[in-house]
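Visitor:
Residue numbers (the working numbering): 49 to 217.
#1: Assuming residue 134 contacts residue 190 (C-beta within less than 8 Å), just tell me the rounded distance between them.
#2: With DSSP collapsed to three states, give me the class of residue 208.
#3: Checking 8 Å against the spacing of the C-beta atoms, do residue 97 and residue 125 come in under that value?
#4: For residue 185, name the three-state secondary structure that DSSP assigns.
#5: Can you tell me whether DSSP reads residue 119 as helix, strand or coil?
#6: For residue 206, collect the residues of the same chain with a Cβ closer than 7 Å to its Cβ; drop the 5 residues on either side in sequence, then sort them by chain order.
#7: Taking Cβ positions, are residue 63 and residue 91 nearer each other than 8 Å?
#8: Return yes when the Cβ of residue 121 is within less than 8 Å of the Cβ of residue 101, no when it is not.
#9: Can you give the Cα-Cα distance for residue 95 and residue 106, rounded to whole angstroms?
#10: In this structure, how does DSSP classify residue 78 when only helix, strand and coil are distinguished?
#11: What do you reckon, are the CB atoms on residue 178 and residue 139 nearer than 8 Å?
#12: Whole angstroms are fine: how far does the CA of residue 211 sit from the CA of residue 61?
#13: Tell me the rounded alpha-carbon separation between residue 55 and residue 215.
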């Protein structure tokens with residue numbers, strides 16, 4: 049039976065969906081003037097990495113082992129996104145002000161004064177600005193939708209790996 053799905057088509061689809069999510073994030077930042085918190089920026093950078101991998105995989109259109117490497121890489125970045133978005137959702141569901149860690153400087157400002165690993169440690173430990181919910185869609189925060197999208201990307205990458213192993217693509 050002939051499959052209508054090809055590796056290139058699946059990777060182009062994944063890349064376009066990721067670009068749509070990134071475009072939405074930039075729309076919210078620059079048109080609706082919602083300033084992203086440090087965790088939002090880290091998730092955005094991970095999504096740029098995923099877009100790059102989807103684009104490179106679609107352009108290269110490598111064979112079996114290379115496809116599995118691309119899917120594993122996108123899945124790994126998506127799992128990191130799940131961790132960040134999950135922490136973000138958890139921070140947003142803490143009781144007000146009592147247990148929320150203290151506020152930090154902006155992401156870019158921290159990068160000018162500290163090495164990247166200290167900045168990441170600071171963001172993950174002290175993120176009061178990330179606990180604030182400024183915008184919701186269907187009653188859920190943007191970090192919740194980001195978490196669902198990253199989960200979807202992990203499943204998508206797993207499905208592509210499964211199709212490749214069964215030689216369906």
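Even glycine gets a Cβ: it sits at the ideal position worked out from N, Cα and C.
The structure presented is a predicted model; accordingly, all values stated were derived computationally and were not measured.
Guide: The structure says:
#1: That pair is no contact at about 14 Å.
#2: Helix, per DSSP.
#3: Contact: yes.
#4: DSSP, read as helix, strand or coil, puts residue 185 in strand.
#5: In the structure shown, residue 119 falls within a helical segment according to DSSP collapsed to helix, strand and coil.
#6: Taken in chain order, the residues that qualify are 123.
#7: Between residue 63 and residue 91, the C-beta gap is not smaller than 8 Å, which leaves the two residues out of contact.
#8: Contact annotation: residue 101 and residue 121 have beta-carbon atoms nearer than 8 Å.
#9: The alpha-carbon separation between residue 95 and residue 106 amounts to approximately 16 Å.
#10: Per DSSP, reduced to three states, the secondary structure at residue 78 is helical.
#11: Result yes, Cβ atoms of residue 178 and residue 139 sit closer than 8 Å.
#12: Answer to the nearest angstrom: the Cα atoms are 16 Å apart.
#13: Between the C-alpha atoms of residue 55 and residue 215 there is a straight-line separation of about 11 Å.
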